[in-house]
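**Q** Below is one structure. I have some questions about it.
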Amino acid sequence: MSAPRIEVDLASGVPVYEQLRTQVVAHVAAGRLRPGDRLPTIRALATDLGVAPGTVARAFRELELAGVVVTRRRTGTVVAPDAAPATVDAREAAAAYVRAARAAGLTPDEAVDLVRGALLT
Amino acid sequence: MNLTVLLLALAVAALVACLVAVVAARATTSAVGEVAVSPAAHDRARRHAATVAAVAWAVLPAAALLLPGAVPDGPGAGVALGCVPAVAGLAFLLVAAVGERTWPAPRGTVRGAALSRRTARDVAPRWTVVALLTWSGLLLGTLLATGVTAGPDGRTVALQPDPLVSTAAGPYPGAPYAVPLAAATVLLALATRGVLHLVAARPAVAGVSTDDDALLRRVSGARVVAGVQLVVGGTLAAVLLATGRALRSAAHATYGVDGVQTEVVQPVADALGAAALVVAPAVALTTLLLALTALVRSSRAAQPHVAVRLEYRTRG
Numbered sequence: 004m005s006a007p008r009i010e011v012d013l014a015s016g017v018p019v020y021e022q023l024r025t026q027v028v029a030h031v032a033a034g035r036l037r038p039g040d041r042l043p044t045i046r047a048l049a050t051d052l053g054v055a056p057g058t059v060a061r062a063f064r065e066l067e068l069a070g071v072v073v074t075r076r077r078t079g080t081v082v083a084p085d086a087a088p089a090t091v092d093a094r095e096a097a098a099a100y101v102r103a104a105r106a107a108g109l110t111p112d113e114a115v116d117l118v119r120g121a122l123l124t
Numbered sequence: 124m125n126l127t128v129l130l131l132a133l134a135v136a137a138l139v140a141c142l143v144a145v146v147a148a149r150a151t152t153s154a155v156g157e158v159a160v161s162p163a164a165h166d167r168a169r170r171h172a173a174t175v176a177a178v179a180w181a182v183l184p185a186a187a188l189l190l191p192g193a194v195p196d197g198p199g200a201g202v203a204l205g206c207v208p209a210v211a212g213l214a215f216l217l218v219a220a221v222g223e224r225t226w227p228a229p230r231g232t233v234r235g236a237a238l239s240r241r242t243a244r245d246v247a248p249r250w251t252v253v254a255l256l257t258w259s260g261l262l263l264g265t266l267l268a269t270g271v272t273a274g275p276d277g278r279t280v281a282l283q284p285d286p287l288v289s290t291a292a293g294p295y296p297g298a299p300y301a302v303p304l305a306a307a308t309v310l311l312a313l314a315t316r317g318v319l320h321l322v323a324a325r326p327a328v329a330g331v332s333t334d335d336d337a338l339l340r341r342v343s344g345a346r347v348v349a350g351v352q353l354v355v356g357g358t359l360a361a362v363l364l365a366t367g368r369a370l371r372s373a374a375h376a377t378y379g380v381d382g383v384q385t386e387v388v389q390p391v392a393d394a395l396g397a398a399a400l401v402v403a404p405a406v407a408l409t410t411l412l413l414a415l416t417a418l419v420r421s422s423r424a425a426q427p428h429v430a431v432r433l434e435y436r437t438r439g
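Heads up: the protein sequence lines correspond to chains A and B, in order.
Residue numbering for the first sequence follows the working numbering, starting at 4 and increasing by one per position.
Residue numbering for the second sequence follows the working numbering, starting at 124 and increasing by one per position.
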């Protein structure tokens, strides 16, 4: 089976790191990337795409914060063991919610209260 | 330097370059497979790979033929001559490495890449690596054996076929030859791994599919490993030849007592020497055939995939 591909559009208004992040998430959510699959190194992916290594590093960092990938010293960046397709979308939504809550100036307790309220509906 | 050797080296280099270029660029089609995203982009990448291979393969015989003429006479000349194939191999790898650094960077606003990790192991066909490791292992083993069994001077093998007779014959690859040759072999292996790493790390070819990009890398890797296994296999053949000749020479002795000539033979050394003399040309022939096979196979594999086009004609 061919490896999943990603494509970035440098002319797009969406930052390149965000394009990378969303496409990796989509591949994991669709099951094309499975837990334990090894992603290319930051340098290799940056070379293939002709972008700065820092751009790829930022995408990988965001993915790691969202729990989609983990970085280990010996194996590099791999899809997280618990990044099952069913949970990836929820994790992504949670991460997006936290960003929105912080941007709105909510405290952590207020943000959690909103989630609890939403769960009661 | 002898003008004849220079002209011969240039002629051989040009011939090899032409052969590699012709074989690499031969316009036959392979089995139908995935259609290249852009046949023009695939063709450009194939030509680039063929050019790099042609230059590297021209440097290899040129260096092997020209370097012996540059070795000054003296006690170290034999060792230097023994290392000529390895130096030619390193020159070959240097050209290949420079070639790998000349692949064009991605252009355009839309760029793609595969989300899989590539390593040096992925870009070299397994059988070429097995051949290289086999020759390297046999060469290091042979050098270890000859280094241990050489005489005190390290350049001859001393035997005693008979209690009354001692013999010595050379050149024999003892420690003065074995240590630099073994070091050169290890250096070649490390340099090969470095070049394969460059092949794996070069930018993806824009406009071709992931499978075709991987195939182009394997073609480059096969050509690199094929050249190095030729160098190591050739060195092994030369070492076996020198060892066999020295052993057979030292195993036989003739002496005369009261006018009676007696010929004595050390059977083990004689058998080992004979075996080495038989194996040496077999190794040389095999390594040459493997190199040619790798070049031909890689040129076929690099051909662009074609789509089956059905043409429908209506009778007017």
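A virtual CB, placed ideally from N, CA and C, is assigned to each residue, including glycine.
Here the structure is a predicted model, which means the values were calculated and not measured.
(1) Could you have a look at residue 13/A and say whether DSSP puts it in helix, strand or coil?
(2) Reducing DSSP to helix, strand and coil, say where residue 426/B ends up.
(3) Could you tell me whether the Cβ atoms of residue 345/B and residue 289/B are closer together than 8 Å?
(4) Please list the partners that residue 241/B has in chain A, where partner means a Cβ-to-Cβ separation under 8 Å.
(5) Can you tell me the Cα-Cα spacing of residue 375/B and residue 386/B, whole angstroms?
(6) Going by beta-carbon coordinates alone, are residue 361/B and residue 295/B separated by less than 8 Å?
(7) Expressed to the nearest angstrom, what Euclidean distance is found between the alpha-carbon atoms of residue 208/B and residue 182/B?
(8) If you pair each beta-carbon of the segment 408 to 421 of chain B with each one of the segment 270 to 277 of chain B, do three or more pairs fall below 8 Å?
(9) In chain order, what residues of the same chain lie with their CB nearer than 8 Å to the CB of residue 378/B, ignoring the 5 residues before and after it?
(10) Output, in chain order, the set of chain B residues within a Cβ distance shorter than 9 Å of residue 10/A.
(11) Give the range of the beta strand (DSSP E) segment to which residue 281/B is assigned.
(12) Under 8 Å: do the segment 254 to 272 of chain B and the segment 333 to 341 of chain B share three or more Cβ pairs, one atom per stretch?
(13) Exposed or buried, residue 283/B, counting other C-beta atoms within 10 Å across all chains shown (16 or more means buried)?
(14) Under 8 Å between C-beta atoms, does residue 56/A make it to chain B?
(15) Mapping the DSSP letters down to three states, classify residue 239/B as helix, strand or coil.
(16) Tell me which residues share the same chain as residue 237/B and place their Cβ nearer than 6 Å to its Cβ, disregarding the 5 neighbours each side in the sequence.
(17) Quick one: grab the DSSP three-state call for residue 104/A.
(18) Determine the contact status of residue 216/B and residue 314/B, defining contact as a CB-CB distance below 8 Å.
(19) For residue 167/B, which of 218/B, 299/B, 331/B and 198/B has the nearest alpha-carbon?
(20) Could you tell me if residue 124/A is buried or exposed, where buried requires 16 or more neighbouring beta carbons within 10 angstroms of its beta carbon?
(21) Give me whichever residues DSSP pairs with residue 376/B in a beta bridge.
(22) Are the segment 21 to 39 of chain A and the segment 77 to 84 of chain A touching by the rule of at least three beta carbon pairs closer than 8 Å?
(23) Can you grab the Cα-Cα spacing for the pair residue 438/B / residue 165/B, in whole Å?
(24) Please compile the residues from chain B whose C-beta is within a distance smaller than 8 Å of the C-beta of residue 66/A.
(25) Assuming residue 22/A and residue 15/A make a contact with CB atoms under 8 Å, what is their CB distance in whole Å?
(26) Residues of chain B with CB closer than 7 Å to the CB of residue 6/A, please, in chain order.
(27) Shortest alpha-carbon distance to residue 230/B belongs to which of 192/B, 268/B, 327/B and 265/B?
(28) DSSP beta-bridge partners for residue 41/A?
(29) Helix, strand or coil, according to DSSP, for residue 259/B in the structure here?
(30) Output needed for residue 113/A: all residues of its chain with C-beta closer than 6 Å, excluding positions within five of it in sequence on either side, in chain order.
(31) In terms of alpha-carbon separation, which member of 329/B, 352/B and 253/B lies closest to residue 169/B?
(32) Excluding the five sequence neighbours on either side, which residues of its own chain have a C-beta within less than 7 Å of the C-beta of residue 319/B, listed in chain order?
(33) Of the choices 404/B, 399/B and 415/B, whose alpha-carbon is the least far from that of residue 265/B?
(34) Using only the alpha-carbon positions, how far apart do residue 10/A and residue 78/A sit?
(35) Tell me the DSSP bridge mates of residue 74/A?
(36) State the DSSP-derived secondary structure class of residue 155/B, mapped to helix, strand or coil.
**A** The answer reads as follows:
(1) coil
(2) coil
(3) no
(4) 43 and 47
(5) 7 Å
(6) no
(7) 12 Å
(8) no
(9) 285, 287, 288, 384, 385 and 387
(10) 233, 234, 235 and 236
(11) 280 to 285
(12) no
(13) exposed
(14) no
(15) coil
(16) 333
(17) helix
(18) yes
(19) 331/B
(20) exposed
(21) 387/B
(22) yes
(23) Only weak support exists for where residue 438/B lies, its pLDDT of 48 falling under 50; the coordinates are left without a value.
(24) The contacting residues do not exist; residue 66/A stays about 12 Å from chain B at best.
(25) 7 Å
(26) 237, 238, 239 and 333
(27) 327/B
(28) 81/A
(29) helix
(30) none
(31) 329/B
(32) 243, 246, 247, 344 and 347
(33) 399/B
(34) 24 Å
(35) 80/A
(36) Only weak support is given to the placement of residue 155/B: the predicted model assigns it a pLDDT of 34, under 50, and the value that follows is read from those uncertain coordinates. Residue 155/B: coil per DSSP, three-state reduction.
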